[in-house]
Amino acid sequence: MIRNLFLAGVVALGLSSCGQSAPSRPPCPAGKVCLQYGNVSEPQTLDPQLSTGTWEDRIQSDLLIGLSQSDPEGKPIPGMAERWDISPDGLVWTFHLREAKWSDGVPVTAEDFVYSFRRLLDPKTGSEYASVFYLVKGARAVNEGKAPLESLAVTALDARTLRVELNHPAPYLIELAKHHTMYPVPKHVVERWGADWIKPEHFVGNGPYILKEVRLGNYVRSVKNPLFWNAATVCIDEVYYYPTSDSISAERRIARGELDVNADIQSNRIAFLRTKMPEFVRTNTYLGVTYIAFNNNPKTGFAAFRDRRVRQALTMAIDREFIAKKLLRGGQVPAMTFTPPGVANYTGTKPPYWAAWPLARRQAEARRLLAQAGYGPRRPLKLEIKHRNTPDPMLFMPAVQSDWKEIGVEVTLAQQEVQIAYADYRARAFQVADAAWIADYNDPTSFLDLQRSFYGPQNYGDYNNPEYDRLMALADNEPDVTRRAAYMAEAEHLMLEDAPVAPVYFSVNKNLVRPEITGWVDNLLDHHRTRWLCMKPLAR
Numbered sequence: 075m076i077r078n079l080f081l082a083g084v085v086a087l088g089l090s091s092c093g094q095s096a097p098s099r100p101p102c103p104a105g106k107v108c109l110q111y112g113n114v115s116e117p118q119t120l121d122p123q124l125s126t127g128t129w130e131d132r133i134q135s136d137l138l139i140g141l142s143q144s145d146p147e148g149k150p151i152p153g154m155a156e157r158w159d160i161s162p163d164g165l166v167w168t169f170h171l172r173e174a175k176w177s178d179g180v181p182v183t184a185e186d187f188v189y190s191f192r193r194l195l196d197p198k199t200g201s202e203y204a205s206v207f208y209l210v211k212g213a214r215a216v217n218e219g220k221a222p223l224e225s226l227a228v229t230a231l232d233a234r235t236l237r238v239e240l241n242h243p244a245p246y247l248i249e250l251a252k253h254h255t256m257y258p259v260p261k262h263v264v265e266r267w268g269a270d271w272i273k274p275e276h277f278v279g280n281g282p283y284i285l286k287e288v289r290l291g292n293y294v295r296s297v298k299n300p301l302f303w304n305a306a307t308v309c310i311d312e313v314y315y316y317p318t319s320d321s322i323s324a325e326r327r328i329a330r331g332e333l334d335v336n337a338d339i340q341s342n343r344i345a346f347l348r349t350k351m352p353e354f355v356r357t358n359t360y361l362g363v364t365y366i367a368f369n370n371n372p373k374t375g376f377a378a379f380r381d382r383r384v385r386q387a388l389t390m391a392i393d394r395e396f397i398a399k400k401l402l403r404g405g406q407v408p409a410m411t412f413t414p415p416g417v418a419n420y421t422g423t424k425p426p427y428w429a430a431w432p433l434a435r436r437q438a439e440a441r442r443l444l445a446q447a448g449y450g451p452r453r454p455l456k457l458e459i460k461h462r463n464t465p466d467p468m469l470f471m472p473a474v475q476s477d478w479k480e481i482g483v484e485v486t487l488a489q490q491e492v493q494i495a496y497a498d499y500r501a502r503a504f505q506v507a508d509a510a511w512i513a514d515y516n517d518p519t520s521f522l523d524l525q526r527s528f529y530g531p532q533n534y535g536d537y538n539n540p541e542y543d544r545l546m547a548l549a550d551n552e553p554d555v556t557r558r559a560a561y562m563a564e565a566e567h568l569m570l571e572d573a574p575v576a577p578v579y580f581s582v583n584k585n586l587v588r589p590e591i592t593g594w595v596d597n598l599l600d601h602h603r604t605r606w607l608c609m610k611p612l613a614r
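Here my numbering is used: the sequence shown runs in plain steps of one and ends on residue 614.
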């Protein structure tokens with residue numbers, strides 16, 4: 075069933091061929107600059123209100139631009155909004171839009187944003203990211219089907235003025251406004267074609283590129299949009315995005331000049347590649363965490379996880395030092411908390427009580443907790459971990475399996491394609507899930523909101539603690555930055571003690587980039603929008 079859902083998404087993209095092998099490097103039109111981009115995974119959709127993956131956002135960010143956008147350093151700068159005003163209480167934002175056109179020549183208006191945000195919250199859309207917009211007045215009631223779409227507090231004051239009213243101050247709104255969920259979609263096109271609007275023959279965008287071609291298992295191709303408001307500054311004329319789940323094969327394609335960029339490196343190969351092709355390796359601190367989620371859904375959850383002692387035992391028994399520093403060796407940092415260091419507006423939280431213990435003591439305590447919960451040699455705990463088939467999970471999941479075997483737990487591993495794995499996580503079709511989260515915007519709520527009881531599909535373990543929700547609500551409504559951070563720190567510590575998830579390591583972003591690429595700036599969010607890049611002729 076999950077595979078059928080995936081294929082349905084692929085059909086919605088208008089994919090025109092299946093399983094074709096990519097040419098070594100497609101011909102580039104004379105006088106043009108063409109970029110070949112290894113994008114890790116196949117996009118399930120390019121609809122910004124439905125997509126969830128970074129591999130999808132890399133493509134979408136070429137095609138659509140929200141109220142703000144990422145500059146070469148990943149920082150927010152004006153996008154469709156040239157400027158904005160904020161009321162003294164921080165609750166009303168007024169965005170003044172630039173004069174711009176969709177790629178079919180129709181003007182982009184504030185009404186397109188109203189339509190898009192209503193569409194995001196409409197329960198019929200089924201957006202898994204809808205809850206990220208709950209800070210807007212009326213959003214949650216609309217999304218839960220308790221209020222009409224028109225009650226959402228987003229208003230077009232005129233064709234180029236948009237007003238957004240919030241439930242609480244959100245100084246990070248400009249960061250959030252560059253996220254794909256807040257990209258506008260063309261009302262006149264979506265209303266005409268429905269779900270088929272994202273097919274290349276129908277797609278209309280307001281970004282620097284136009285979707286031209288999508289081929290399953292091969293590539294997505296976009297071309298420069300002559301109607302983009304700043305088209306004169308866009309250097310690259312065509313972009314090919316390829317699924318490259320096999321990162322070692324992608325290395326070879328980079329070396330042969332078939333790819334110009336690949337958006338991942340197998341971590342334990344970074345040191346080798348620094349000696350083999352040092353000018354290609356680009357790594358940087360990343361606002362991301364890799365973690366394990368325990369399915370505690372009241373209906374589909376794994377019964378053993380209803381006992382907090384079991385979750386705590388599994389969490390404390392993981393040898394994070396070995397995984398990060400000896401196995402992966404890519405600069406990852408062992409994670410005892412969920413929010414990475416360096417996130418804006420936060421100084422972190424107190425880790426769980428066992429965090430400073432040596433591994434042997436943690437293992438002994440884990441065995442004791444499991445015994446208290448009724449598990450031991452005569453009745454071992456047996457479970458399955460579903461994990462992604464990307465390079466790093468393939469490396470560290472056997473290590474987790476071994477760690478849990480040391481405390482008497484019998485573990486099987488189930489490897490899946492990335493899209494299939496996350497579809498199962500969202501459907502709660504798992505016992506234990508390997509997952510990663512990359513900040514949508516630079517604020518601790520981008521991480522801590524995931525564990526709020528109402529957050530929906532992305533709260534994979536269905537953590538539900540009213541005290542956690544209460545503390546996060548206090549943080550939402552606290553204007554003092556220090557007190558706000560204190561509420562979030564208390565909430566995070568509470569969650570870590572409850573152990574609905576087991577943080578494993580904080581990420582680094584890892585790219586192979588040919589030295590001929592110019593304009594590439596390593597940054598915390600790993601945003602490298604094509605509009606800022608250019609390319610010298612390839613060295614042969």
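Note that CB positions come from ideal geometry on N, CA and C, so glycine has one too.
Small disclaimer: the values here were computed from a predicted structure and weren't measured.
| Query | Result |
| --- | --- |
| Going by alpha carbons, who is nearest to residue 287 out of 398, 493, 223, 315? | 315 |
| Measuring alpha carbon to alpha carbon, tell me which residue in 318, 186, 248 is nearest residue 264. | 186 |
| For residue 586, which three-state DSSP category applies? | strand |
| Return the chain-ordered ranges of every beta strand (DSSP E) run that is complete within the stretch 124-179 and spans a minimum of 3 residues. | 142-144, 150-152, 155-160, 166-171 |
| Among the candidates 610, 362, 559, 390, whose CA atom is the shortest distance from the CA of residue 509? | 362 |
| If I'm right that residue 402 touches residue 342 with Cβ under 8 Å, what's the distance once you round it to whole angstroms? | 6 Å |
| Does the stretch 101-117 come close enough to the stretch 567-577 that 3 or more CB-CB pairs lie under 8 Å? | no |
| Taking the alpha carbon of residue 482 as the point to measure from, which residue in 281, 442, 340 has its own alpha carbon closest? | 442 |
| Where does residue 461 sit, in a helix, a strand or coil, going by DSSP? | strand |
| So what does DSSP say about residue 486, is it helix, strand or coil? | strand |
| Is any beta-carbon of chain C found at less than 8 Å from that of residue 102? | No chain C appears in this structure, which consists of one protein chain only. |
| By a C-beta neighbour count over all protein chains shown, 10 Å radius and 16 as the cutoff for buried, is residue 255 buried or exposed? | buried |
| For residue 399, which residues of its own chain have a beta-carbon under 6 Å away from its beta-carbon, when the five flanking residues on both sides are left out? | none |
| Measure the C-alpha to C-alpha separation of residue 295 and residue 359 and round it to an integer number of angstroms. | 29 Å |
| Which residues in the same chain have their Cβ closer than 7 Å to the Cβ of residue 617, if we skip the five residues on either side of it in sequence? | It is not possible to answer for residue 617, since the shown part of the chain is limited to 75 through 614. |
| Smallest Cα separation from residue 405: which of 344, 551, 511? | 344 |
| Hey, which unbroken runs of the beta strand (DSSP E) at 3 residues or more fall wholly within the stretch 550-589? | 575-587 |
| Can you tell me which residues form a DSSP beta bridge with residue 609? | 591 |
| Measuring only the C-alpha atoms, how far is residue 80 from residue 197? | With a pLDDT of only 29 at residue 80, under 50, the local geometry of the prediction cannot be trusted, and no value is derived from it. |
| Can you tell me where the beta strand (DSSP E) holding residue 615 begins and where it ends? | Coverage of the chain is limited to positions 75 through 614, which leaves residue 615 absent and any answer about it impossible. |
| Do the stretch 228-244 and the stretch 167-176 meet, that is, are 3 or more Cβ pairs less than 8 Å apart? | yes |
| Flag this pair as yes or no: are the beta carbons of residue 192 and residue 223 separated by less than 8 Å? | yes |
| Write down every uninterrupted run of the beta strand (DSSP E) in the stretch 325-412 whose length is 3 residues or greater and which is fully enclosed by it, in chain order. | 355-368 |
| Based on DSSP bridge pairs, tell me the residues matched to residue 298. | 283 |
| Indicate the three-state DSSP secondary structure (helix, strand or coil) for residue 320 in the structure shown. | coil |
| Would you call the stretch 598-605 and the stretch 140-152 in contact, with 3 or more CB pairs under 8 Å? | yes |
| What are the start and end residues of the beta strand (DSSP E) that includes residue 111? | 108-112 |
| Any idea which residues DSSP pairs residue 237 with across the strands? | 168, 229 |
| Could you check whether the stretch 423-432 touches the stretch 529-542, counting it as contact only if at least three pairs of C-beta atoms, one from each stretch, sit closer than 8 Å? | no |
| Measure the C-alpha to C-alpha separation of residue 592 and residue 380 and round it to an integer number of angstroms. | 52 Å |
| Please report how far the alpha carbon of residue 355 lies from the alpha carbon of residue 143, in whole angstroms. | 26 Å |
| If you count every other CB in all the chains shown that lies within 10 Å of the CB of residue 249, and 16 or more means buried, which is it? | buried |
| Is the beta carbon of residue 274 closer than 8 Å to that of residue 305? | no |
| Could you have a look at residue 479 and say whether DSSP puts it in helix, strand or coil? | helix |
| Quick test of your reading: residue 332 and residue 586, contact by CB under 8 Å. State the CB separation rounded to the nearest angstrom. | 12 Å between Cβ atoms; not a contact. |
| From which residue to which residue does the alpha helix (DSSP H) around residue 217 run? | 213-217 |
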